[in-house]
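In our numbering, the protein residues as written are 9 to 74. Note that the Cβ used here is the ideal one computed from N, Cα and C, for glycine as well. Here is the structure we will look at, set down as structure tokens.
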Amino acid sequence: MAKVNISLDAELVVEVMVLAGVGSPQDAVEVVVRDYIARGHRTEARIELQEHRRRETEAKPQEPQG
Numbered sequence: 009m010a011k012v013n014i015s016l017d018a019e020l021v022v023e024v025m026v027l028a029g030v031g032s033p034q035d036a037v038e039v040v041v042r043d044y045i046a047r048g049h050r051t052e053a054r055i056e057l058q059e060h061r062r063r064e065t066e067a068k069p070q071e072p073q074g
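And the structure:
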């Protein structure tokens, strides 16, 4: 996997290290990025499920009322 070097504010990285419970700045930032990506995938899956349910509901023939 290709690597990317970036510069971040030291206080920001220390805060992430404390919150993530890791001792390495590299690991801390990686944890945050992986979590962000996973959250995005969960959101996409949830939206897809809601749209699928909506389409199923709309496709069902409505029973006559009255």
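Reduced DSSP secondary structure (H/G/I, E/B, other) of Ala10: coil
According to DSSP, is Glu59 part of a helix, a strand, or is it coil? helix
Can you say whether Ala36 is buried or exposed, counting buried as having 16 or more other CB atoms within 10 angstroms of its CB? buried
With a CB to CB cut of under 6 Å and the five nearest residues on each side skipped, what residues in its chain are close to Val39? Ala28
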